[in-house]
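Notes for the one structure printed next.
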Amino acid sequence: MIKKAVWIGMALAAVASASAQDAAPASESSMFLFSTLLLLACGATTFLAAAGFAMIEAGLARAGNAAVACLKHIAAAAAVAGAMALCGYRLLYGVEPGGFLGAFERWTPRDVDPVGLGWASAADFSFNLLLATLAALIVSGALAERVRLSAYLMFTAVFAALIYPIGAGWAWGGGYLAGAWRFVDLGGSAVVHAAGGAAALAGALVIGARRGRYKSRGAPPAGDAPAAALGALFVAVALLAAIAGAERSYAAIGDAIAIATRLANAQLAAAGGAIAALLMTASIYRRADAATVVNGLVGGLVSIAADPLSPALWQAALIGAFGGVLVTVGGPLLDRLRIDDATGAAPTHLFCGVWGALVVPWTNADASLLAQLVGVAMLVGFAFVMSALAWLVLKYSIGARVAAEDELAGLDSSALGLGEEPD
Amino acid sequence: MIKKAVWIGMALAAVASASAQDAAPASESSMFLFSTLLLLACGATTFLAAAGFAMIEAGLARAGNAAVACLKHIAAAAAVAGAMALCGYRLLYGVEPGGFLGAFERWTPRDVDPVGLGWASAADFSFNLLLATLAALIVSGALAERVRLSAYLMFTAVFAALIYPIGAGWAWGGGYLAGAWRFVDLGGSAVVHAAGGAAALAGALVIGARRGRYKSRGAPPAGDAPAAALGALFVAVALLAAIAGAERSYAAIGDAIAIATRLANAQLAAAGGAIAALLMTASIYRRADAATVVNGLVGGLVSIAADPLSPALWQAALIGAFGGVLVTVGGPLLDRLRIDDATGAAPTHLFCGVWGALVVPWTNADASLLAQLVGVAMLVGFAFVMSALAWLVLKYSIGARVAAEDELAGLDSSALGLGEEPD
Amino acid sequence: MIKKAVWIGMALAAVASASAQDAAPASESSMFLFSTLLLLACGATTFLAAAGFAMIEAGLARAGNAAVACLKHIAAAAAVAGAMALCGYRLLYGVEPGGFLGAFERWTPRDVDPVGLGWASAADFSFNLLLATLAALIVSGALAERVRLSAYLMFTAVFAALIYPIGAGWAWGGGYLAGAWRFVDLGGSAVVHAAGGAAALAGALVIGARRGRYKSRGAPPAGDAPAAALGALFVAVALLAAIAGAERSYAAIGDAIAIATRLANAQLAAAGGAIAALLMTASIYRRADAATVVNGLVGGLVSIAADPLSPALWQAALIGAFGGVLVTVGGPLLDRLRIDDATGAAPTHLFCGVWGALVVPWTNADASLLAQLVGVAMLVGFAFVMSALAWLVLKYSIGARVAAEDELAGLDSSALGLGEEPD
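Residue numbers (our numbering), protein chains in the order written: chain A, 1 to 423; chain B, 424 to 846; chain C, 847 to 1269.
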């Protein structure tokens, strides 16, 4: 360890002699290689969210719906890839500066750095594709046990081709929120999570509650709690990767410190969310509730995503903990309103996402509460209204909901033929 | 983001002033560190395939065979490690240039760069070990519910010590296919997947179908569809890593662009495979089939592995989609021939692997269809014949198949004693 | 591939002209970026251990305890994060040089390199946090089906705030074992695994066996063997990452070779452990035992962790194989002593961890058996005595064990209300 003191001494001297961001640079090739690596590795890890959300839905849905839950996630991830490649990615960066919409940006994977940020366009495409997948899959769980597979896949394609990228372009593509408001959402609390959660809420309102959900006593028991817990841990790893990768650049000592700080804060926020949900459910119901703790862990990460860089560790833990509180009270609140969100997608992603975006000015002096309010209102409002329209069109065209007898039997039987006598 | 414009400007100037491959290099140390990192990270991620294949088999096999399925995969991965360390890795790079076999190459993990490619030999060993593991584990699923554990492990050792590395040496170790034919298989469509699938097919033919498989009506129902879906998502992540890592070098801006392009194409191919399988099964059977979609996702990745670099995104999606079609029609075709491939290993890995290698000339002007045909024929033929011989030897020596009553009871009971009264 | 020969030639010349450790360095920025990346990537991957241990416990425990098993792991990981941030991390590096305890070291995530090793303190915090999580979660499985959730979480907080970091500081923070004895434990065989295993053993002794465990015939059958196998594969990936990341520095060609060598050796040790456990159980019980093979895989990695760098591949395989033997004989030995370790945590982590630390002098000439004996005795003794004290305090205050009827019904029902009629 002594022998490393020599070169680290050089690095520290460089850091001391200038602000970290401007310290002795790596070669331009190395910068490109490092930043591309960051996007690719974080993007690939973010893909674990597809497995994670599938497991959460399969675990929290009634038995007899798990296979369809998994199929939905695989097919939806595929639909997002197609929609982003054809349309979404071009819209995201095609927005005119400071504007709301723009031209279709042309690109190919081999383009070097089409938007001037320092990496191959294919790496940026992969990372954005996986953020869009994250947002789109949030919708699935809320509608579990009753949504029609074909309607869900069509909604997913529309969401990934139009709804998500237009909103993301306002904040991340240089559009209105970036230009006029300096809206801060580094890791997607509002852009990804609140937008996905709003789409989930719109779908739950249009499609309606599961049959008998508010007639019998309480929620149906979870089919497979360990699957849900495993899924939540995957989603947690995926969100850590999304939070780290959203730094985009890994080219100077300051970037490395920033990414490490993001991850440490995110870990504390996740811990805060899980512990708050555990203590809340233990004190309210006199016993822990596994599904709520699982969502608290995820909700803590959603809450810190908007700005994982500015808070101190204790602030990050508090931000996450309040996310855990929102998850705990949000589910019963929706149930009181007779809005049936089967996996708690709206409390976890919408409520915590809004909270995460609004709390940014507490720790980040460059953010203004007004800008954050405007950004959240626009992103959530746009996603909600457009998604509700899309669901209504689907409802009155091909139908958004399965037949009553299929719902009671569980979708695995009607959609996949599982459990039937083979022909 | 403005501040990054400076150095990216330098990088872009460098790219513009020369071909990307030769652009302003990182220091030689950085190149070594980057390339080693690529191999290690991708190798470690490829190991997820062991978990993935185990879950696919455990999920698609009848209940009562899942524990043995998992045990087989853990023990087989261990056997591959031993076989590759003792013999396989030396054969792979020991082949004489342009030849068929060669001397046993001596190496130790600390060797720097034994084959002149720019990384530590231990990193290359790890990566090759995990590709061999991938190939060997393909065999397991096809023989589910009836293969003898000890016979399968012995076959795996022989496959990893001799069959796989000799073929891989022809294409990747500088042997006959590389020297005389310039055979193109960047990511292992033929070298890894078709060889593993051919070995699986040979095993299924020698061992025969599950008892009653073609007497009762249709395939036995899957025990646990969510496990299979989770497994497929793990295999997908593992294959993305294998496709990225097969670039081998991560030392210049051109390498970074190439790897990012590989990943973007692979994502589209996976999407194409899953969607094609979904649409095919939905239109043929009037309902989706979860197992087929799961295999379609993997089949899309197998199809693009041979050349994930040359296609445009739409070409990658089409290549993957035709892989999804092969998966959908391949299973019923084998069933018509009374070849019982329990998890669809042959359609997914053999059929898609052959397709992937043969389609390379469509997008890659440096590849010739004749060379691809010769390469596929040699690799598949060698793996099939050698594997059939190995299975025949096992069948007529220790026996390759469990007793009838054990098969009917499920292997978990006979091989592991699960479900019995404890003594 | 030819074109890469040029720069690798430069690198090899540099290696040849000096010892690898001192070879032509990357720029100081690149060194910092590489080393930070190593810690962050390995830390994030190590987090898979939380999912892995949860799955192992959920899989090996009786049905009706799986949901609590998962909840315990999520909540415990959160508790460790809080305890390490508040106290543990400061103690670890606050130890006075060569001493036993020290001042509370102050730090913030943005500190650059507080201990002079060449990375951002947040990256080092994340990595240490995940090693502490690894150690703390070992305890959970041993106490499955009977420990009180609140008592376990309180123990976890004490363990992560005080017990683990004080011991780790002796070996890794520059304390007594590092200063006076040059104790070698590169990857935590003793510091992490034996300490966690000793805490598990202390808990099992204080809390006592599951009711009826030694009255009925044998262990209760595993509820879900595939879940346990999946968990073991996750733990294996996590331990590979911990072993690689413990190199800490990734700044020169010598570091890359060392990390690649560590991984190759670890893969062989894992293989040795799994194969030894398979052969042992197959020859003793005339059938394989899935749980033992699963623990053998992990035990092989625990055994090699102390020094994954010095052994040759065959030595690594042997070291791991003897770990597999210890796992196989350790479980029945504890049962003979009526110590009820539900998931085999003590054989896998304590016995193999002690073995791994003591075998270091076989392959590493810089280690002395006496120093290793002193280090193991101090680390295991301290963790065992302090943990036993903590468990005794919990036992006689809030109670460490659930009520008899809750235990018989399974904890999912009493702690979480699963399976009951909803209110």
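Just so you know, even glycine gets a beta-carbon here, dropped at the ideal spot from N, CA and C.
I need the straight-line Cα distance from residue i to residue j, nearest angstrom please.
i: Asp647(B); j: Ala484(B); result: 8 Å
i: Arg287(A); j: Leu1257(C); result: 11 Å
i: Ala271(A); j: Ala923(C); result: 7 Å
i: Ser726(B); j: Ala120(A); result: 24 Å
i: Ala739(B); j: Ala689(B); result: 7 Å
i: Val1173(C); j: Cys933(C); result: 34 Å
i: Val783(B); j: Val607(B); result: 8 Å
i: Val298(A); j: Ala895(C); result: 18 Å
i: Tyr516(B); j: Tyr152(A); result: 50 Å
i: Leu879(C); j: Phe53(A); result: 32 Å
i: Ile698(B); j: Leu796(B); result: 28 Å
i: Arg90(A); j: Phe100(A); result: 14 Å
i: Leu337(A); j: Gly331(A); result: 10 Å
i: Phe384(A); j: Phe104(A); result: 24 Å
i: Ala403(A); j: Arg213(A); result: 16 Å
i: Gly353(A); j: Pro347(A); result: 9 Å
i: Ser401(B); j: Ile479(B); result: No answer is possible for residue 401(B): it lies beyond the span of chain B, which begins at 424 and ends at 846.
i: Asp868(C); j: Ser452(B); result: A caution first: Asp868(C) carries a pLDDT of 40, below 50, which makes its placement in the model unreliable, though a value can still be read off. C-alpha separation (whole angstroms): 11 Å.
i: Val716(B); j: Gly747(B); result: 8 Å
i: Val803(B); j: Ala618(B); result: 5 Å
i: Ala75(A); j: Ala651(B); result: 14 Å
Can you tell me whether residue i is helix, strand or coil according to DSSP?
i: Ala1092(C); result: coil
i: Val570(B); result: strand
i: Arg1247(C); result: strand
i: Gly753(B); result: helix
i: Gly82(A); result: helix
i: Gly102(A); result: strand
i: Val237(A); result: helix
i: Arg359(A); result: Note on residue identity: the sequence assigns Val, not Arg, to residue 359(A). Looking at Val359(A) - three-state DSSP - the assignment turns out to be coil, as it is neither helix nor strand.
i: Val206(A); result: helix
i: Ala120(A); result: strand
i: Val958(C); result: strand
i: Val941(C); result: strand
i: Thr186(A); result: The question names Thr, but residue 186(A) in the sequence shown is Leu. Leu186(A): coil per DSSP, three-state reduction.
i: Ala711(B); result: coil
Cβ-heavy atom distance between residue i and the ligand NAP below 7 Å?
i: Arg262(A); result: For the ligand NAP, the structure offers nothing, since it holds no ligand at all.
For chain F, check one thing: does any of its Cβ atoms lie closer than 8 Å to the Cβ of residue i?
i: Ala912(C); result: Looking at the structure shown, chain F is missing, and the protein chains on hand are A, B and C.
Sufficient close CB pairs (3 or more, under 8 Å) joining the stretch 340–353 of chain A to the stretch 155–171 of chain A: Taking a cut-off of 8 Å for Cβ pairs, the stretch 340–353 of chain A and the stretch 155–171 of chain A do not touch, as fewer than three such pairs fall below it.
Inter-stretch contact (C-beta, 8 Å, three-pair minimum) for the stretch 587–594 of chain B and the stretch 723–740 of chain B: Contact between the stretch 587–594 of chain B and the stretch 723–740 of chain B is absent, with fewer than three C-beta pairs closer than 8 Å.
Measuring CB atoms only, is the stretch 231–247 of chain A touching the stretch 886–897 of chain C, in the sense that at least three cross pairs come out at less than 8 Å? As far as the Cβ criterion goes, the stretch 231–247 of chain A touches the stretch 886–897 of chain C, which means the pair count is three or higher.
Three or more C-beta pairs closer than 8 Å, one from the stretch 385–392 of chain A and one from the stretch 362–375 of chain A: is that the case here? With a cut-off of 8 Å, the stretch 362–375 of chain A and the stretch 385–392 of chain A do not count as touching, because too few Cβ pairs lie within range.
Using a Cβ cut-off of 9 Å, which residues of the stretch 471–485 of chain B contact any Cβ in chain C, in chain order? Those would be Leu471, Ala473, Ala474, Ala477, Met478, Ala481 and Gly482, in chain order.
When you compare the stretch 550–569 of chain B with the stretch 672–684 of chain B, are there three or more beta-carbon pairs, one atom per stretch, that lie closer than 8 Å? The way I'd put it, the stretch 550–569 of chain B doesn't touch the stretch 672–684 of chain B; fewer than three beta-carbon pairs between them come closer than 8 Å.
Would the stretch 139–150 of chain A count as touching the stretch 191–207 of chain A if we require 3 or more Cβ pairs under 8 Å? Three or more Cβ pairs drawn from the stretch 139–150 of chain A and the stretch 191–207 of chain A lie within less than 8 Å of each other, which places the two stretches in contact.
Output needed in chain order: residues of the stretch 95–114 of chain A with a Cβ under 8 Å from some Cβ in chain C. The residues in question: there are none.
Counting only Cβ-Cβ distances shorter than 8 Å, please list the residues of the stretch 328–353 of chain A near chain C, keeping chain order. Residues passing the 8 Å Cβ filter: none.
Of the residues that make up the stretch 172–186 of chain A, which ones have a beta carbon closer than 7 Å to any beta carbon in chain B? Those residues of the stretch 172–186 of chain A placed with their C-beta closer than 7 Å to a C-beta in chain B do not exist.
Residues in the stretch 1101–1128 of chain C having any Cβ partner in chain A nearer than 8 Å: Cβ contacts with chain A: none found.
Please list, in chain order, the residues of the stretch 363–395 of chain A that have any C-beta partner in chain B closer than 8 Å. Those would be none; no residue qualifies.
Between the stretch 541–568 of chain B and chain A, which residues of the former have CB atoms less than 8 Å from a CB of the latter, in chain order? Those would be none; no residue qualifies.
So if I threshold CB-CB distances at 9 Å, which residues from the stretch 659–673 of chain B count as touching chain A? Those residues of the stretch 659–673 of chain B that come within reach of chain A (Cβ to Cβ, closer than 9 Å) are Ala659, Val660, Leu663, Ala664, Ala667 and Tyr673.
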